[in-house]
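Below: one structure, written as structure tokens.
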Amino acid sequence: MKLLFDFLPIVLFFGTFKYAESHKEWAAEFATRHLGAFVAGGSVGATQAPVLLATVVVIVATMAQVLWLKSRGRRVDTMLWVSLVLVVVLGGATIYFQSETFIKWKPTVLYWAMGAALALAPLLAGRNLLKLLLGEQLRLPEPIWQRLNLAWIAFFALMGVLNLWVAYRFSTDAWVNFKLFGSLGLMLAFTIAQGLMLSRYLDEQPHEPAAGEETP
Numbered sequence: 000m001k002l003l004f005d006f007l008p009i010v011l012f013f014g015t016f017k018y019a020e021s022h023k024e025w026a027a028e029f030a031t032r033h034l035g036a037f038v039a040g041g042s043v044g045a046t047q048a049p050v051l052l053a054t055v056v057v058i059v060a061t062m063a064q065v066l067w068l069k070s071r072g073r074r075v076d077t078m079l080w081v082s083l084v085l086v087v088v089l090g091g092a093t094i095y096f097q098s099e100t101f102i103k104w105k106p107t108v109l110y111w112a113m114g115a116a117l118a119l120a121p122l123l124a125g126r127n128l129l130k131l132l133l134g135e136q137l138r139l140p141e142p143i144w145q146r147l148n149l150a151w152i153a154f155f156a157l158m159g160v161l162n163l164w165v166a167y168r169f170s171t172d173a174w175v176n177f178k179l180f181g182s183l184g185l186m187l188a189f190t191i192a193q194g195l196m197l198s199r200y201l202d203e204q205p206h207e208p209a210a211g212e213e214t215p
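For reference, each letter of the sequence shown is one residue, going 0 to 215 in numbering that gives the first Met the number 0.
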């Protein structure tokens with residue numbers, strides 16, 4: 000459920016872009032009428048309209064995520080705050096300049112920010128963030144926590160580079176497809192691979208008897 004919640008803005012971005020891409024004239028007219036005051040020149044072309052409308056939707060969706068969590072008294076993850084700032088700043092630049100370049104950089108900056116946080120936390124605060132987040136659910140040897148941390152740092156670094164490679168080598172339509180299916184697929188595959196790697200260590204954890212169960 001949390002994964003769906005996290006990826007909801009991306010799904011909405013994808014759906015809005017695809018619809019607007021197949022109705023370019025309508026999208027250009029709609030964007031000019033409603034976004035004209037926020038774009039340079041005051042009018043939106045048919046080529047730029049799909050990504051501009053999708054960007055507006057992802058900004059609103061990310062804001063809605065934060066407001067929904069706050070209204071229920073739940074904690075807003077730091078990365079969601081970072082994502083909100085990035086999507087407002089880079090999305091706002093995309094809308095004003097009518098250039099998809101800014102919003103295409105957003106996933107890369109977010110990936111690199113997450114990787115930097117994992118890399119700097121042990122150096123600056125002496126803490127492994129993954130252990131801090133998952134230590135209550137997983138009991139792993141310290142070297143394994145370090146390897147896990149390094150693996151995620153490398154993954155986020157490579158995902159940032161891969162996003163830029165797709166953004167600059169392929170069409171915006173191809174990048175939007177990768178943003179949803181490629182990013183989600185790679186994230187799931189990497190998570191499953193990590194789970195398989197850690198399973199042998201989980202099997203070695205001592206069994207804790209349930210309440211009322213006698214120990215041998």
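Cβ coordinates follow ideal geometry from the N, Cα and C atoms, glycine included. For clarity, every value in this text was computed on a predicted model and none was experimentally measured.
Under the three-state DSSP convention, the category residue i falls into
i      : result
PRO8   : helix
THR93  : helix
PRO140 : coil
ALA27  : helix
THR46  : coil
PHE169 : coil
GLU20  : helix
GLY194 : helix
SER82  : helix
GLY40  : coil
ALA120 : helix
THR15  : helix
ASN148 : helix
ASN162 : helix
SER182 : helix
ASN176 : helix
GLU126 : The sequence given here has Arg at residue 126, not Glu. In this structure, ARG126 counts as coil in the three-state DSSP scheme.
VAL75  : coil
SER70  : helix
GLY134 : coil
Whether residue i touches residue j by CB criterion (9 Å)
i      : j      : result
PHE6   : LEU149 : no
THR61  : VAL38  : no
PHE223 : VAL81  : Here the chain covers residues 0 to 215 and nothing more, so residue 223 does not appear.
THR190 : GLU99  : no
LEU197 : LEU137 : yes
TRP151 : LEU123 : no
Other residues of its chain near residue i: CB distance less than 8 Å, five sequence neighbours each side excluded
i      : result
PRO106 : MET158, GLY159, ASN162, LYS178 and SER182
PHE155 : TYR110, TRP111, MET113, GLY114 and LEU117
LYS23  : ALA45, THR46, ALA48 and PRO49
ALA188 : none
PHE4   : GLN64
Cβ-heavy atom distance, residue i to the ligand NAD, below 8 Å
i     : result
SER98 : No copy of the ligand NAD appears in this structure; indeed no ligand is present at all.
Cutoff 6 Å; reference residue i; Cβ partners in own chain excluding five residues on either side
i      : result
ARG126 : ALA120
LEU264 : For residue 264 there is no data in the structure shown, the boundaries of the chain being 0 and 215.
VAL108 : LEU85
LEU79  : none
PRO8   : VAL57, ALA60 and THR61
ALA209 : Residue confidence for ALA209 is low, a pLDDT of 47 falling below 50, so the modelled location carries little weight; the figure read from the coordinates is stated next. Excluding positions up to five away in sequence, the list is empty.
Cβ shell of residue i (< 7 Å), same chain only, five flanking positions each side left out
i      : result
GLY227 : No statement about residue 227 is possible, as the shown extent of the chain runs from 0 to 215 and does not include it.
ALA166 : LYS103 and TRP174
VAL75  : VAL65, LEU68 and LYS69
Short CB-CB distance (under 9 Å) between residue i and chain D
i      : result
ARG168 : No chain D is present in this structure, which holds just one protein chain.
- Item | Sufficient close CB pairs (3 or more, under 8 Å) joining the stretch 23-34 to the stretch 51-61 | Yes: the two stretches touch, three or more of their Cβ pairs being nearer than 8 Å.
- Message: Tell me whether the stretch 61-74 and the stretch 93-100 touch, counting them as touching only if at least three CB pairs, one residue from each stretch, are closer than 8 Å.
- Response: Verdict: no, contact absent.
- Is the stretch 80-90 in contact with the stretch 125-145, if contact means three or more CB pairs nearer than 8 Å? No: the two stretches stay apart, fewer than three of their Cβ pairs being nearer than 8 Å.
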